[in-house]
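Below is one structure; the comments refer to it alone.
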Amino acid sequence: MDGENSSVVSEFVFLGLTNSWEIQLLLFVLSSMFYVASMMGNSLIILTVTSDPHLHSPMYFLLANLSFIDLGVSSVSSPKMIYDLFRKRKVISFRGCITQIFFIHIIGGVEMVLLIAMAFDRYVAICKPLHYLTIMSPRMCIFFLVAAWMTGLIHSTVQLVFVINLPFCGPYVLDSFYCDLPRFIKLACTDTYQLEFMVTANSGFISVGSFFILIISYIIIILTVQKHSSAGSFKALSTLSAHITVVLLFFGPLIFFYTWPSPSTYLDKFLAFFDAVLTPFLNPLIYTFRNQEMKVAMRRIFRQIVNYRKIS
Numbered sequence: 046m047d048g049e050n051s052s053v054v055s056e057f058v059f060l061g062l063t064n065s066w067e068i069q070l071l072l073f074v075l076s077s078m079f080y081v082a083s084m085m086g087n088s089l090i091i092l093t094v095t096s097d098p099h100l101h102s103p104m105y106f107l108l109a110n111l112s113f114i115d116l117g118v119s120s121v122s123s124p125k126m127i128y129d130l131f132r133k134r135k136v137i138s139f140r141g142c143i144t145q146i147f148f149i150h151i152i153g154g155v156e157m158v159l160l161i162a163m164a165f166d167r168y169v170a171i172c173k174p175l176h177y178l179t180i181m182s183p184r185m186c187i188f189f190l191v192a193a194w195m196t197g198l199i200h201s202t203v204q205l206v207f208v209i210n211l212p213f214c215g216p217y218v219l220d221s222f223y224c225d226l227p228r229f230i231k232l233a234c235t236d237t238y239q240l241e242f243m244v245t246a247n248s249g250f251i252s253v254g255s256f257f258i259l260i261i262s263y264i265i266i267i268l269t270v271q272k273h274s275s276a277g278s279f280k281a282l283s284t285l286s287a288h289i290t291v292v293l294l295f296f297g298p299l300i301f302f303y304t305w306p307s308p309s310t311y312l313d314k315f316l317a318f319f320d321a322v323l324t325p326f327l328n329p330l331i332y333t334f335r336n337q338e339m340k341v342a343m344r345r346i347f348r349q350i351v352n353y354r355k356i357s
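Shown next as structure tokens:
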């Protein structure tokens with residue numbers, strides 16, 4: 046980041062979401078509420094899973110890590126977006142822009158692998174229930190976690206290596222509220238066709254490929270449940286519906302961002318807002334409202350907190 050570019054361009058200007066004061070006020074209220082709610086909801090899931098022995102299982106281990114990643118999703122762009130809503134000149138430094146891109150793609154890579162790991166966990170629980178604890182051992186859970194972070198780190202670093210030294214000649218204006226590669230690359234004053242193809246191949250094709258792997262795995266699980274119906278299978282299947290919903294929320298905007306050739310600016314901003322603000326808020330709701338064990342565990346946590354306050 047100390048290379049030639051940082052001396053040529055020191056900051057980028059965001060156009061933001063809208064110029065309407067009324068809509069900005071509405072977005073400020075909604076964004077602030079959803080940001081606080083998503084931080085509290087995901088933190089509550091992590092606290093519940095780590096403190097309740099009944100939830101010390103592979104499925105909830107992966108869920109707690111997904112909630113940790115959702116804390117990052119909430120924090121990487123939402124606070125600055127909220128801060129910038131009423132600022133006339135919305136700027137971000139060159140280093141800040143690169144840092145934002147770096148963490149967006151690390152988080153995206155980690156979440157992608159975690160969702161695949163959670164699909165594998167449900168596959169084993171439904172299709173091979175007698176071997177579940179053997180296959181989904183603590184070692185396997187750690188392997189998935191390490192693989193997720195390594196994938197995210199490599200995925201993000203490889204892309205930044207190619208774009209960090211791009212020459213920028215101005216104007217340094219991003220028609221968005223956060224930094225990401227597609228719009229960042231378009232500001233370069235050089236031929237970026239190969240770089241745009243690399244981003245599409247690295248982010249777009251990986252997203253589409255992972256999405257279809259997950260869909261195929263869910264189809265296999267559903268067909269298995271239909272053939273071998275049992276109480277345990279239907280219980281595992283009930284948690285699968287939450288997984289499918291989260292996968293659609295995660296991959297929908299992602300595939301659009303990196304594979305659509307010429308997206309509508311308004312649709313692009315709406316999906317970016319949805320992905321940054323609403324998805325991290327919806328994920329804890331989906332996993333808690335559709336999961337009886339999680340709701341029971343949260344009630345135990347609240348009772349323990351209330352009893353502790355009464356004693357103290």
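Taking our numbering, the leading residue of the sequence shown gets 46, the next gets one more, and so forth.
The beta-carbon is built from N, C-alpha and C at its ideal position, and this holds for glycine as well.
Bear in mind that the values here come from a model prediction, so they are computed numbers and not experimental data.
Own chain residues within Cβ distance below 7 Å of residue i, not counting five before or after
i      : result
TRP194 : VAL155
PHE79  : VAL322, LEU323 and PHE326
LEU294 : THR324 and LEU327
Proximity of residue i and residue j at Cβ, strictly below 8 Å
i      : j      : result
MET163 : SER119 : no
PHE57  : ILE137 : yes
GLN145 : CYS234 : no
ASN110 : PRO329 : no
ILE161 : PHE73  : no
Rounded C-alpha distance that separates residue i from residue j
i      : j      : result
LEU323 : PRO174 : 34 Å
PHE113 : ARG167 : 20 Å
MET339 : VAL206 : 42 Å
GLN337 : SER65  : 43 Å
LEU211 : ILE230 : 8 Å
SER182 : VAL81  : 35 Å
LEU240 : VAL208 : 8 Å
LEU268 : PHE59  : 48 Å
LYS272 : LEU190 : 32 Å
THR237 : HIS200 : 19 Å
HIS176 : PHE106 : 18 Å
Close-in-space but distant-in-sequence residues of the same chain around residue i (CB under 6 Å, 5 per side omitted)
i      : result
VAL54  : PHE139, PHE213 and TYR217
ARG361 : Because residue 361 is not part of the residues shown, which for the chain are 46 to 357, the question remains open.
GLY249 : TYR303 and THR304
Nearest residue (CA-CA) to residue i, options the options
i      : options                           : result
LEU219 : PHE207, PHE165, LEU232 and GLN271 : LEU232
ALA287 : ILE331, VAL253 and PHE319         : ILE331
VAL341 : HIS99, GLY61, HIS200 and VAL169   : HIS99
GLY141 : LEU285, ASP236, HIS200 and PHE222 : PHE222
ILE23  : LEU190, GLN204, GLN349 and PHE165 : In the structure as shown, the chain starts at 46 and stops at 357, and residue 23 therefore has no counterpart that could be examined.
MET343 : LEU89, PHE59, ILE68 and GLU67     : LEU89
LEU226 : ILE149, GLY197, VAL158 and ILE261 : ILE149
Cut-off 8 Å between Cβ atoms - residues of its own chain near residue i, not counting five sequence neighbours on either side
i      : result
LEU316 : GLY297, PRO298, PHE301 and PHE302
Opening and closing residue of the beta strand (DSSP E) in which residue i lies
i      : result
VAL136 : 135–138
PHE213 : Per DSSP, PHE213 belongs to no beta strand (DSSP E) and is neither H nor E.
PHE334 : Looking at the DSSP string, PHE334 is not in any beta strand (DSSP E); the run it does join, the alpha helix (DSSP H), is 324–334.
Range of the contiguous alpha helix (DSSP H) that encloses residue i
i      : result
VAL206 : 183–208
VAL244 : 238–244
VAL54  : Looking at the DSSP string, VAL54 is not in any alpha helix (DSSP H), and its letter there is neither H nor E.
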